[in-house]
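Visitor: These protein sequence lines are chains V and B, in that order. First residue of the first sequence: 5, per this note's numbering; consecutive thereafter. First residue of the second sequence: 227, per this note's numbering; consecutive thereafter. I'd like to ask you about the structure that follows.
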Amino acid sequence: MQIDVVDARLSFDGRLIFDSFTARFPSDRVTALVGPSGSGKSSLLSAMAGFQKLDSGAICWSTGDESRTPPIPTSVSWIPQGSNAIGIRTALDNVMIGPLAEGKSLEQANELSASALADVGLEHATYRRARTLSGGELQRMCFARALASDKPFIFADEPSSSLDAENTERLAELIHALRARATIVVATHDPLLISAAECQVHLRSGRPLAA
Amino acid sequence: MAPLIVLAVVMGLAAVAFSSFQSASFVDRLAEQKMAGRNVLVIAAADQRRPVTIQRASCERLSEASTVDRSGLLKRTTNSDFIQLGARIPVVEASVTLFPQLDEYDLLIGSKLGSQTKAFFVKIGSATASAHTIAQQPTGVDTNSAVVTGLRAGTNSGSICVVVLSDLTTAERNRAIILSQLSSSGGPLSATQVFTDTSDPINDFKNRPDRLLPLVLGFLGGLCGGILNRLRSSEIAAYRLSGTSARSLFVILAAEQSLISGLFAASAAGAALWLGGTPSTVWAGILWAVSGAMIWVTVSSLSTIDLPLRQPPSLAKDRG
């Protein structure tokens with residue numbers, strides 16, 4: 005599914021964050037939402053996921069045909085900046101929350117989660133407690149949770165903000181490998197992640213550019 | 227979560243231990259006052275210049291009331307010599323309804339005269355009489371240094387009627403009713419309470435503010451649970467970002483606190499059963515603990531009701 009943002013305007017606490025922003029995020033591709041800190045990337049991402057309302061303008065999701073829907077939060081896997089995990093539980097348990105929340109059985113969730121952890125290169129950490137994982141491993145675990153949920157959208161908000169260069173590179177490789185699995189939007193100003201994307205949308209210009 | 231679990235167990239134990247201590251102190255205080263004559267009414271002539279005659283049947287009939295333990299006439303007679311007990315021992319005649327053991331034994335020996343635990347025989351002249359030492363009597367039933375025997379045949383009245391009330395009532399509540407039920411002739415009657423306290427220990431115990439301790443502890447435990455949940459906002463965000471609905475998350479958090487408050491109730495119940503006491507005090511302890519646990523769950527749920535409702539991205543930015 006692709007995302008269309010049309011003439012969007014958003015302000016917060018009396019401060020205009022962005023105005024007259026129009027962009028398209030292509031279906032089943034990795035798009036980097038680019039902009040400096042404070043430009044409103046997180047806010048736009050939140051609006052695109054349906055968590056926040058625009059002051060004016062519209063956001064809609066559509067498939068190749070004419071059907072359009074407003075954003076539905078439950079159809080988005082959100083990967084936050086920090087490592088939000090249940091530290092006392094294993095990596096597998098943390099990933100299983102996704103498919104379990106979708107109504108999958110315990111057995112199905114277990115299978116999907118183990119497979120997703122393997123996809124992101126964390127097979128070795130399946131039964132380790134989340135609090136023993138490094139920052140980079142935790143971010144990959146979040147991606148695994150998103151993959152196991154099998155939702156049409158994956159939004160990542162500054163996923164490399166707390167990572168070093170080596171882990172950022174690994175994350176960039178992972179994001180690149182996930183193309184075609186879902187419509188992925190990564191809000192970032194990190195050059196490594198930008199280069200891993202297939203498309204870029206600059207918050208200032210609002211025009212999609214090919215990578 | 228482990229500290230909260232420990233807190234729940236400790237709070238449960240503390241609630242019951244404190245309650246048990248209070249109950250024991252209350253029982254001790256009641257026993258002490260009972261011996262001092264708190265529950266004893268001595269009914270006799272209000273004016274010594276105007277003697278009274280109290281009908282035996284009406285005095286003995288008082289023992290059938292639910293608030294009366296025992297009652298009956300008490301008549302002091304002459305002193306007598308008893309070989310086993312000594313010379314010039316006071317002898318008191320009393321109703322069987324006042325000393326039910328008179329049904330079984332000819333003589334009852336006051337606690338200060340003997341310490342035998344088994345029945346024995348006492349020689350009176352050439353005759354022998356069965357006897358048993360009775361427990362210490364409260365002030366007002368002055369027979370601890372005397373020998374008690376049953377009223378002689380044909381005794382239909384007396385000048386003193388002694389009423390021993392049950393533990394959980396007071397003389398003030400019963401005085402007027404008891405006097406109205408006695409048949410007497412001669413002068414006016416007075417019912418004297420041998421011992422009066424400045425306050426009613428039963429009322430004090432029933433209305434003591436610290437009986438609410440289990441509820442207070444439940445409230446504090448719930449607050450602690452709520453605070454802990456707020457410190458876990460990052461974990462809670464993980465649930466929401468994974469697609470867990472706000473309602474499901476609320477249920478998860480409430481279930482967690484229900485289990486922990488259940489530990490509070492369980493440890494209190496276990497302590498109540500182990501410490502023992504009367505069935506009513508054990509059940510009272512358990513019920514108070516269950517109430518405290520319910521308050522725990524309610525307070526913890528209400529204090530974190532907003533967390534599941536917050537937008538997940540903003541929840542994720544909180545650092546717990």
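Quick reminder that beta carbons are idealized off the backbone N, C-alpha and C, glycines included.
Would you say B/E482 faces chain V, with C-beta separation under 8 Å as the test?
Guide: Translated into the one-based positions of the second sequence, residue 482 of chain B becomes position 256. No, its Cβ sits nowhere closer than 8 Å to a Cβ of chain V.
Visitor: Taking contact to mean 3 or more Cβ pairs, one atom from each stretch, closer than 8 Å, check whether the region 185-196 of chain V and the region 40-50 of chain V are in contact.
Guide: Enough Cβ pairs lie closer than 8 Å, so yes.
Visitor: Could you tell me the distance, in whole angstroms, from the CA atom of B/S406 to the CA atom of B/L377?
Guide: On the second sequence, position 180 is the one that residue 406 of chain B refers to. On the second sequence, position 151 is the one that residue 377 of chain B refers to. Cα to Cα, the separation comes out at about 24 Å.
Visitor: To the nearest angstrom, how far is it from the Cα of V/S117 to the Cα of V/I90?
Guide: Taking the first sequence and counting its residues from 1, the one referred to as residue 117 of chain V is at position 113. Taking the first sequence and counting its residues from 1, the one referred to as residue 90 of chain V is at position 86. Whole-angstrom Cα-Cα distance: 15 Å.
Visitor: Quick check: the Cα distance between B/L239 and B/D436, rounded to an integer number of angstroms?
Guide: Working through the second sequence from its first residue, we reach residue 239 of chain B at position 13. Working through the second sequence from its first residue, we reach residue 436 of chain B at position 210. About 15 Å.
Visitor: When we look at the beta-carbon of B/T359 and count the other beta-carbons within 10 Å, is it buried (16 or more) or exposed?
Guide: The sequence position of residue 359 of chain B within the second sequence is 133, counting from 1. Label assigned to B/T359: buried.
Visitor: Leaving out the 5 sequence neighbours to the left and right, which residues in its chain are closer than 8 Å to B/R276 when beta-carbon positions are compared?
Guide: To locate residue 276 of chain B, count along the second sequence from 1; it is residue 50. The residues are G412, G413, P414.
Visitor: Run the CB neighbour count on B/G263, radius 10 Å, all protein chains shown included, and call it buried at 16 or more, exposed below.
Guide: As a position in the second sequence, residue 263 of chain B is number 37, starting the count at 1. The residue in question, B/G263, is buried, as its Cβ has 16 or more Cβ neighbours within 10 Å.
Visitor: Around the Cβ of V/E141, are there at least 16 other Cβ atoms within 10 angstroms (buried) or fewer (exposed)?
Guide: Position 137 of the first sequence, counting from 1, holds the residue named residue 141 of chain V. Per the 10 Å Cβ criterion, buried.
Visitor: Put B/V322 into one of helix, strand or coil per three-state DSSP.
Guide: In the second sequence, the residue the question calls residue 322 of chain B occupies position 96. Looking at B/V322 - three-state DSSP - the assignment turns out to be coil, as it is neither helix nor strand.
Visitor: Can you tell me whether DSSP reads V/A95 as helix, strand or coil?
Guide: As a position in the first sequence, residue 95 of chain V is number 91, starting the count at 1. Reduced to three states, the DSSP call for V/A95 is helix.
Visitor: Which residue wins for smallest C-alpha separation from B/A345, given the options B/I478, B/A250, B/S337, B/S356?
Guide: As a first step, residue 345 of chain B is located in the second sequence; it is residue number 119 there, counting from the start. Ranking B/I478, B/A250, B/S337, B/S356 by Cα distance to B/A345 puts B/S356 first.
Visitor: Report yes or no: do three or more beta-carbon pairs, one from the region 159-171 of chain V and one from the region 128-148 of chain V, lie closer than 8 Å?
Guide: Yes, the region 159-171 of chain V is in contact with the region 128-148 of chain V.
Visitor: Taking the alpha carbon of B/F252 as the reference point, which residue from B/T524, B/T530, B/K432 has its own alpha carbon closest?
Guide: Against the second sequence, residue 252 of chain B aligns to sequence position 26. Among B/T524, B/T530, B/K432, the Cα nearest to that of B/F252 is on B/K432.
Visitor: Does chain V have any CB closer than 8 Å to the CB of B/P538?
Guide: Translated into the one-based positions of the second sequence, residue 538 of chain B becomes position 312. True, the Cβ-Cβ gap to chain V drops below 8 Å.
Visitor: Along the chain, where does the alpha helix (DSSP H) containing V/G86 start, and where does it finish?
Guide: As a first step, residue 86 of chain V must be located in the first sequence, where it is residue number 82. Note, V/G86: premise wrong, no alpha helix (DSSP H); not H, not E.
Visitor: Is V/T136 helix, strand or coil by DSSP?
Guide: Stepping through the first sequence from its first residue, residue 136 of chain V is reached at position 132. In this structure, V/T136 counts as helix in the three-state DSSP scheme.
Visitor: Short of 7 Å in beta carbon distance, which residues of its chain neighbour B/L324, apart from the five on each side in sequence? Order them along the chain.
Guide: Stepping through the second sequence from its first residue, residue 324 of chain B is reached at position 98. Around B/L324: R296, S297, G298, L300, V388.
Visitor: Since V/E202 and V/T35 are thought to touch, with beta carbons under 8 Å apart, how far apart are those beta carbons, to the nearest angstrom?
Guide: By 1-based counting over the first sequence, the position of residue 202 of chain V is 198. By 1-based counting over the first sequence, the position of residue 35 of chain V is 31. That belief holds up - the Cβ atoms of V/E202 and V/T35 are roughly 7 Å apart, short of 8 Å.
Visitor: Around the C-beta of B/A547, are 16 or more other C-beta atoms found within 10 angstroms, so that it is buried, or is it exposed?
Guide: Limits of chain B in this structure are 227 at one end and 546 at the other, which puts residue 547 of chain B out of reach.
Visitor: Using only CA atoms, which one of V/P75, V/N98, V/D154 lies nearest to V/A184?
Guide: Mapped onto the first sequence, residue 184 of chain V falls at position 180. The candidate whose alpha carbon is nearest that of V/A184 is V/D154.
Visitor: Taking only three categories from DSSP, how would you classify B/R275?
Guide: Taking the second sequence and counting its residues from 1, one reaches residue 275 of chain B at position 49. Correct three-state label for B/R275: coil.
Visitor: Is B/G448 closer than 8 Å to B/V525 when the C-beta atoms are compared?
Guide: On the second sequence, residue 525 of chain B is found 299 positions in, with the first residue counted as 1. On the second sequence, residue 448 of chain B is found 222 positions in, with the first residue counted as 1. Against a cut-off of 8 Å, the Cβ pair of B/G448 and B/V525 comes out as a contact.
Visitor: Give a yes or no on whether the C-beta atoms belonging to V/F55 and B/P538 are separated by under 8 Å.
Guide: The residue labelled residue 55 of chain V in the question sits at position 51 within the first sequence. The residue labelled residue 538 of chain B in the question sits at position 312 within the second sequence. Yes; because the gap between Cβ atoms is below 8 Å, this pair is in contact.
Visitor: Under 7 Å Cβ-Cβ, which residues of chain V neighbour B/A472?
Guide: For this step, residue 472 of chain B is matched to residue 246 along the second sequence. Under the 7 Å cutoff, chain V gives no residues; its nearest Cβ is about 10 Å from B/A472.
Visitor: Since B/E589 meets chain V, which of its residues come closer than 8 Å, beta carbon to beta carbon?
Guide: Absent from the model: residue 589 of chain B. The displayed extent of chain B is 227 to 546, so no value can be given.
Visitor: Taking Cβ-Cβ distances shorter than 7 Å, what residues in chain B pair up with V/R149?
Guide: Reading the first sequence from its first residue, position 145 is the one you call residue 149 of chain V. Within 7 Å Cβ-Cβ: S468.
Visitor: Taking the alpha helix (DSSP H) that V/G125 belongs to, which residues open and close that run?
Guide: As a first step, residue 125 of chain V is located in the first sequence; it is residue number 121 there, counting from the start. Where V/G125 is concerned, there is no enclosing alpha helix (DSSP H), given that its DSSP letter is neither H nor E.
Visitor: Helix, strand or coil, according to DSSP, for B/L239 in the structure here?
Guide: In the second sequence, the residue the question calls residue 239 of chain B occupies position 13. B/L239 falls in the helix class under three-state DSSP.
Visitor: Check whether the Cβ atoms of B/A372 and B/S337 lie closer than 8 Å to each other.
Guide: To locate residue 372 of chain B, count along the second sequence from 1; it is residue 146. To locate residue 337 of chain B, count along the second sequence from 1; it is residue 111. Not in contact: B/A372 and B/S337 (Cβ atoms no closer than 8 Å).
Visitor: In three-state terms, what does DSSP make of V/H193?
Guide: In the first sequence, counting from the first residue as 1, residue 193 of chain V sits at position 189. Here V/H193 sits in coil by DSSP.
Visitor: Near B/R401, which residues of its chain fall below 6 Å by C-beta distance, leaving aside the five closest residues on each side in sequence?
Guide: Counting from one through the second sequence, the residue named residue 401 of chain B turns up at place 175. Only A417 meet the Cβ criterion.
Visitor: Please list, in chain order, all residues of the same chain as V/L213 whose beta carbon is under 6 Å from its beta carbon, the five residues on each side excluded.
Guide: Reading the first sequence from its first residue, position 209 is the one you call residue 213 of chain V. For V/L213, the predicted model reports a pLDDT of 38, less than 50, meaning its position is unreliable; a value from the coordinates is still stated below. Excluding sequence neighbours, V/L213 sits near Q204.
Visitor: Can you look up B/N433 in the DSSP assignment and give me helix, strand or coil?
Guide: What you label residue 433 of chain B is simply residue 207 of the second sequence in a count that begins at 1. The answer is coil: DSSP assigns B/N433 none of H, G, I, E or B.
Visitor: Any idea what DSSP makes of B/T359, helix, strand or coil?
Guide: Taking the second sequence and counting its residues from 1, one reaches residue 359 of chain B at position 133. Of the three classes helix, strand and coil, the one that applies to B/T359 here is strand, per DSSP.
Visitor: Flag this pair as yes or no: are the beta carbons of B/G444 and B/W500 separated by less than 8 Å?
Guide: Position 218 of the second sequence holds residue 444 of chain B. Position 274 of the second sequence holds residue 500 of chain B. Result no, Cβ atoms of B/G444 and B/W500 do not sit closer than 8 Å.
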